[in-house]
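Numbering (the working numbering), first residue to last: 720 to 869.
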Ligand SMILES: [Zn+2]
C-alpha cells in the first residue's frame, strides 16, 4: 500500500475532475509530495485508457478519478477478489463492451485473479450491495428535502 494523505489526494482528484485539466505543477502543489503526484497521475492514466475504450465501444464511460479512488480505498488498494494481493489492474465486473466503464462495474484486481475463472466474488458482491444501498438511500434523502417555501 502506498502511503498517502487522503485529504490532499481527494482534493487533487476533485480538482482534476471539475477543472477537466491535469497540470502536473498544480497537482503537485495540491498533493504535496512527488509520490502522491505520481500515484494520482498513474490512476488518472489508468482510468482514461479504459474510458477511451468504453467511448469507442459506445458504452457508458462515467467512472471519474474520484470514483476510482473511492473504490480503491473501499478495497484498501487490494485485489477486490482475493483481498490478499495489492491491486495491479482495473477489472470490469461485467464485460466492458456491455456494461461499460462505470463506478458500478469497475474494481481493482491482481493479475492472478484477473486471469482466473474461479474468482472469489464475495467481496465484490458485498461492495455492489453497499453501492446500491447508498444510491437508494440518496434517493430517499433527496425526496425528504422539503421544498422551499414561497
Ligand atoms: Zn486477487
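The beta carbon of each residue, even a glycine, is placed where N, CA and C say it ideally should be.
Quick caveat, the model's predicted, so the values are computed rather than measured.
- Task: Please write down, chain order preserved, every residue whose beta carbon lies under 7 Å from a heavy atom of ligand 1.
- Result: Near ligand 1, meaning a Cβ closer than 7 Å to any of its heavy atoms, lie the following residues in chain order: 798, 800, 801, 803, 804, 828, 829, 831 and 832.
- Message: Considering only their Cβ atoms, is the gap separating residue 788 from residue 732 smaller than 7 Å?
- Response: Result yes, Cβ atoms of residue 732 and residue 788 sit closer than 7 Å.
- Query: How close, in whole Å, do the beta carbons of residue 735 and residue 763 come, if the pair is a contact with beta carbons under 8 Å?
  - Reply: Contact between residue 735 and residue 763 holds, with the beta-carbon distance rounding to 6 Å and staying under 8 Å.
- Of the residues 815, 794, 746 and 790, the one placed nearest residue 780, counting alpha carbons only: Nearest of 815, 794, 746 and 790 to residue 780, Cα basis: 815.
- Among 818, 834, 757 and 800, the one whose alpha carbon lies nearest that of residue 774: Checked all of 818, 834, 757 and 800; the closest Cα to residue 774 is 818.
- Task: Identify, in the order they occur along the chain, each residue of the same chain with its Cβ nearer than 6 Å to the Cβ of residue 783, setting aside the five sequence neighbours on each side.
- Result: Answer for residue 783: 736, listed in chain order.
- Item | Buried versus exposed call for residue 769 [16 or more other C-beta atoms within 10 Å across all chains shown] | Around the C-beta of residue 769, 16 or more other C-beta atoms lie within 10 Å, and the residue is accordingly described as buried.
- For the region 788-801 against the region 828-841, are there 3 or more C-beta pairs whose distance is under 8 Å? The region 788-801 makes contact with the region 828-841: 3 or more CB pairs, one atom from each, lie closer than 8 Å.
- Query: So the beta strand (DSSP E) residue 828 belongs to, where does it begin and stop?
  - Reply: Residue range 825-828 is occupied by the beta strand (DSSP E) that includes residue 828.
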